[in-house]
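Scroll down for the structure; my scribbles are underneath it.
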Amino acid sequence: MSDYSSQTVAQLKDILKSRGLSVEGKKADLVSRLIDSDNANTEQAGSPAKAADAPIEATVAVAVEVEETKGDNNNASTAKPVPVTTESALTVIQPSNDLAKEVTEPPKVLTAEERKQLAIELLNKKVSRAEKFGDEKAAEQARKDLQRVEKFGVELGTALAREIGLVDKSLGTHNRGKFKSRRFNARNNHGGFKKNRGNRH
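See below:
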């Protein structure tokens, strides 16, 4: 480790670039980033020595198990070495393509009869809910809608179709909020109406 604080910011940035580290920040940040990098490098340099010891221990463990099996079976030809793994139990989970497949699959297209059945179920729930809470007006409206659906089916552009989930709710929202900043009053109409041109306050 060299003394980074005696170097200039430009020199520190060159060192950081050569190591592939970020060059943003003040001099103190740059120095601390280099020191952290040095510490990480020394830890990685020490770990191969530990890793070199691990295979030796693994081969010793395999040899001991082979000797135990030889003693038990008295037949050296049937003794099989049992591999002992000293690796950590960490497993890397790769992102699966199942999620991408689910997203790219188009939604299921329902037949007219299936749409009709969904609407009937929903309207029956509405009728029972309205009767449960004593709302006769809503119950009567739901009954009328139920009769209409039984007779004609469900069209995709209706509110009932949106309620069932047949229509994407985001359709037709591209203009939402477009006129939010506009105020349509006498001060802001910019002479849009002849009657309001002289009535500015």
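Counting from 1, one number per residue, gives the positions in the sequence shown under UniProt numbering.
Think of the CB as a built atom: it goes at the ideal place given N, C-alpha and C, for glycine as much as any other residue.
Test item: CB-CB of residue 118 and residue 166 under 9 angstroms: Within the sequence shown, residue 118 is the residue found at index 118, counting from 1. Within the sequence shown, residue 166 is the residue found at index 166, counting from 1. Closer than 9 angstroms, so yes.
Option in 124, 139 and 122 with minimal Cα separation from residue 130: Here residue 130 refers to the residue found at position 130 when the sequence shown is read from its first residue. Cα-wise, what sits closest to residue 130 is 139.
Residue 24, enclosing alpha helix (DSSP H) - first and last residue: Along the sequence shown, one-based indexing puts residue 24 at 24. Careful: residue 24 lies outside any alpha helix (DSSP H) and carries neither H nor E.
Proximity of residue 125 and residue 145 at Cβ, strictly below 9 angstroms: Here residue 125 refers to the residue found at position 125 when the sequence shown is read from its first residue. Here residue 145 refers to the residue found at position 145 when the sequence shown is read from its first residue. No, they are not a contact pair.
Cβ neighbour criterion (16 or more within 10 Å) applied to residue 56: Along the sequence shown, read from residue 1 onward, the residue named residue 56 stands at position 56. Bear in mind that the predicted position of residue 56 carries a pLDDT of just 48, short of 50, making it unreliable; the figure below should be weighed with that in mind. So residue 56 ends up on the exposed side.
Secondary structure of residue 152, DSSP reduced to three states: Taking the sequence shown and counting its residues from 1, one reaches residue 152 at position 152. It is helical.
Coil, strand or helix - residue 111 by DSSP: Sequence index remark: in the sequence shown, residue 111 carries index 111 (1-based). If DSSP states are grouped into helix, strand and coil, residue 111 belongs with coil.
Range of the contiguous alpha helix (DSSP H) that encloses residue 11: If you number the sequence shown from 1, residue 11 lands on position 11. Looking at the DSSP string, the run of the alpha helix (DSSP H) that includes residue 11 is 9-19.
Close Cβ partners of residue 133 (< 7 angstroms) along its chain, the five nearest in sequence each way excluded: Indexing the sequence shown from 1 puts residue 133 at position 133. So the list is empty, once near-sequence residues are dropped.
Proximity to residue 29 [Cα-Cα], best of 115, 8, 163 and 41: Taking the sequence shown and counting its residues from 1, one reaches residue 29 at position 29. Among 115, 8, 163 and 41, the Cα nearest to that of residue 29 is on 8.
Same chain only: Cβ atoms within 8 angstroms of residue 122, ignoring 5 sequence neighbours per side: Taking the sequence shown and counting its residues from 1, the one referred to as residue 122 is at position 122. If we look at residue 122 and ignore the five residues flanking it on each side, its Cβ neighbours are 160, 163 and 164.
Range of the contiguous alpha helix (DSSP H) that encloses residue 222: There is no way to answer for residue 222, as the model of the chain reaches only from 1 to 201.
Of the listed residues 42, 45, 38 and 5, nearest to residue 26 (C-alpha basis): Residue numbering aside, residue 26 sits at position 26 when the sequence shown is read from its first letter. Minimum Cα distance to residue 26 is reached at 5.
Straight-line Cα distance separating residue 10 from residue 35: Within the sequence shown, numbered from 1, the residue matching residue 35 stands at position 35. Within the sequence shown, numbered from 1, the residue matching residue 10 stands at position 10. Cα to Cα, the separation comes out at about 17 angstroms.
Sequence-distant residues of the same chain with beta carbon closer than 7 angstroms to residue 37, five excluded per side: Sequence index remark: in the sequence shown, residue 37 carries index 37 (1-based). Around residue 37: 19 and 21.
Residues near residue 43 in its chain [Cβ-Cβ closer than 7 angstroms; skip 5 each side]: Residue numbering aside, residue 43 sits at position 43 when the sequence shown is read from its first letter. If we look at residue 43 and ignore the five residues flanking it on each side, it has no Cβ neighbours.
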